[in-house]
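One structure below.
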Amino acid sequence: MKAQNRFAELQKRVVRIDERLSTLERATAASARNAALEVTQDVILQRICSLEGSCVEASASGTEAKLGTELKERGVKSFSFKAVPENYYKEDLEFRRACLQAASIQHLCKSLIYENPKLPADQESSGTQHLRYYLVIVQYAAKLHGEKVKRFLHKTSGTLGIQYFRPRQAACETSEKLSGYPSGSVTPVGLKTPLPIVLSHEIAKLQPDFFWMGGGEELLKLGLHVSDFIDAYKPFIVDCTY
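This note's numbering puts the sequence shown at residues 2 to 243.
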């Protein structure tokens, strides 16, 4: 009788173990399917972006030539232009990353013209100090920290009081006049008016260091290595985001 009871208990254990194994197998299969679906989705997104972006590549050739010439003159040998689809800015950062085949959303960056309206007119100069306007490059996934930018500008001024520094993003008309590019397409390459460049320290730390930014047209993006950009344009590398 005892032997029968032990045998029955063993059978129950075997059944429970089998059920657990079946559950694990189903979970593993589901995980594998999800991973495969993610890879497939990424491939599809890249294909869609490639097909839609090809419609505007022809119009970008003039801009590409202009920017490419300056980059080469500054010693940048490795860079890439890529046209993006018209719905690019309506989609999330993951969609945009897939369009550019960027390493991560942290590698997607933008250039903004900032001004310091409090700066007295007689304090402006043609050097790197006391200038009213700056071009700031930050990641789309980050936010510009106004107080950090303010402290940086004050520090670089050397003599002016902190009350003269209250940076803000320049109006679209001002940005276009200074950069030569419409809003949404500003790039530090080929600026109409040379400006000091502030590069977020988070961009300087990117690995891999190939990042993307505006390419001079709304639907054109420029990609290059951060190290090459720093060597060519000598930006101020600043902790300016959060």
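All C-beta atoms, glycine included, are put in the ideal place defined by N, C-alpha and C.
Y90 sits in a helix when the DSSP states are folded into three classes. With 16 or more other Cβ atoms inside 10 Å of its own Cβ, R97 counts as buried. Just so you know, the alpha carbons of G191 and R27 end up roughly 56 Å apart. Sequence-distant Cβ neighbours of A143 in its own chain, meaning closer than 6 Å and more than five residues away, are T242. In terms of Cα proximity to D240, the closest of S201, M214, L225 is S201. C173: not part of any beta strand (DSSP E); member of the alpha helix (DSSP H) spanning 173-180, first to last residue. Ranking I114, S176, S158 by CA distance to the CA of V199 puts I114 first. Residue environment analysis places N88 among the exposed positions, since fewer than 16 neighbouring C-beta atoms fall within 10 angstroms of its C-beta. In the three-state reduction of the DSSP assignment, S184 falls in the coil class. Each of L136, Y90, A99 was checked against the Cα of L179, and the nearest Cα belongs to L136. Pairing G215 with S186 gives a Cβ-Cβ distance under 9 Å.
Taken through DSSP and simplified to helix, strand or coil, G224 comes out as strand. A residue is called buried when at least 16 other Cβ atoms come within 10 angstroms of its Cβ; Q140 meets this threshold and is buried.
Around the beta-carbon of P209, fewer than 16 other beta-carbon atoms lie within 10 Å, marking it exposed. Within its own chain, the residues whose Cβ lies closer than 6 Å to the Cβ of E116, once the five positions on either side in sequence are excluded, are R133, Y134, A171, listed in chain order.
Exposure of L25 is indicated by the presence of fewer than 16 other C-beta atoms within 10 angstroms of its C-beta. With respect to P168, Y234 sits apart: the two C-beta atoms are not nearer than 9 Å.
If you check the CB distance, K151 and I163 come in under 9 Å.
Every alpha helix (DSSP H) of 4 residues or more that sits fully in the segment 98-161 is shown, in chain order, as 147-158. Between the alpha carbons of T70 and Y165 lies a distance of about 38 Å.
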